[in-house]
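A.B. asks:
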Amino acid sequence: MRAYEEYMRSVYKPMREEMVTMGFTELTTAEEVEGIMETVEGTALILINSVCGCAAGLARPAVREALQEVEIKPDHLFTVFAGQDKEATEKMREYFPEVPPSSPSIALWKDGALAYFIPREQIENFQMEQIKDHLADVLVQVGK
Numbered sequence: 001m002r003a004y005e006e007y008m009r010s011v012y013k014p015m016r017e018e019m020v021t022m023g024f025t026e027l028t029t030a031e032e033v034e035g036i037m038e039t040v041e042g043t044a045l046i047l048i049n050s051v052c053g054c055a056a057g058l059a060r061p062a063v064r065e066a067l068q069e070v071e072i073k074p075d076h077l078f079t080v081f082a083g084q085d086k087e088a089t090e091k092m093r094e095y096f097p098e099v100p101p102s103s104p105s106i107a108l109w110k111d112g113a114l115a116y117f118i119p120r121e122q123i124e125n126f127q128m129e130q131i132k133d134h135l136a137d138v139l140v141q142v143g144k
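Under our numbering, the first residue of the sequence shown carries the number 1, and numbering increases by one thereafter.
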């Protein structure tokens with residue numbers, strides 16, 4: 001089991017670091033998620049990160065490029081990692097119960113409520129540019 005854990009750590013560590021480098025706050029426990037979500041004001045982009053190669057490999061760059069493109073940025077950037085920080089991910093999903101679990105996925109939070117959600121189905125099988133454009137459009141609309 002130790003070899004598997006080491007292998008998985010080597011796979012997801014760069015994915016975590018990529019988000020933190022972009023300015024995301026990584027939430028790794030249910031308590032961190034609750035503490036943030038109960039007090040956060042304004043807008044937040046929440047990435048439910050994943051190791052799933054096809055969709056996650058598109059989501060992270062699309063998020064990075066959309067954030068670089070838009071003038072008005074979300075007030076906060078948060079990420080949880082599905083499959084790695086299970087309790088944190090489950091707790092985050094409780095804040096948008098009307099949406100089936102999906103990873104990777106992107107949530108836009110505004111003034112204490114879910115403003116928009118991009119599920120995995122709108123990420124996989126799309127080009128990165130399409131995902132970026134979709135998210136950039138949403139960021140502009142939510143930021144108004």
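Note that beta-carbon positions come from the ideal geometry of N, C-alpha and C, so glycine has one too. Note that this is a predicted model, so its numbers are computed, not measured.
1) Whole beta strand (DSSP E) runs in the region 74-135 with 3 or more residues, listed along the chain?
2) Using the DSSP secondary-structure output, state which residues sit across from Glu26 in a beta bridge.
3) Can you tell me where the alpha helix (DSSP H) with Thr21 in it begins and where it stops?
4) Flag this pair as yes or no: are the beta carbons of Leu77 and Phe24 separated by less than 8 angstroms?
5) Less than 8 angstroms separating the beta-carbons of Val33 and Ala82?
6) Would you mind sorting Ala113 into buried or exposed? The rule is 16 or more other CB atoms within 10 Å of its CB.
7) What does the alpha-carbon distance come out to for the pair Tyr95 and Arg2?
8) At what residues does the beta strand (DSSP E) containing Ile72 begin and finish?
9) On a CA-only basis, which of Pro14, Glu38 and Val40 is nearest Ala56? Give me that one, please.
10) I'd like the span of the beta strand (DSSP E) that includes Thr39, first residue to last.
11) For Thr28 and Val80, I'd like the C-alpha separation in whole angstroms.
12) Between the Cα of Gly42 and the Cα atoms of Tyr12, Gly35 and Asp75, which residue gives the shortest distance?
13) Among the candidates Met8, Asp111 and Ile48, whose CA atom is the shortest distance from the CA of Met92?
C.D. replies: By the coordinates alone:
1) Runs of the beta strand (DSSP E) inside the region 74-135: 76-81, 105-110 and 113-118.
2) Looking at the DSSP assignment, Glu26 forms a beta bridge with Thr79.
3) According to the DSSP assignment, Thr21 belongs to the alpha helix (DSSP H) that extends over Arg2 to Thr21.
4) Taking C-beta atoms as the reference points, Leu77 and Phe24 count as a pair closer than 8 angstroms.
5) The Cβ atoms of Val33 and Ala82 lie no closer than 8 angstroms to each other.
6) Classification of Ala113: exposed, given that the 10 Å Cβ count is below 16.
7) Cα to Cα, the separation comes out at about 34 angstroms.
8) For Ile72, no beta strand (DSSP E) segment is defined, and its DSSP state is neither H nor E.
9) Shortest Cα-Cα distance from Ala56 to any of Pro14, Glu38 and Val40 involves Pro14.
10) Per DSSP, Thr39 belongs to no beta strand (DSSP E) and is neither H nor E.
11) Computed Cα separation, rounded: 6 angstroms.
12) Selected option, being the one with the closest Cα: Asp75.
13) Per the Cα distances, Ile48.
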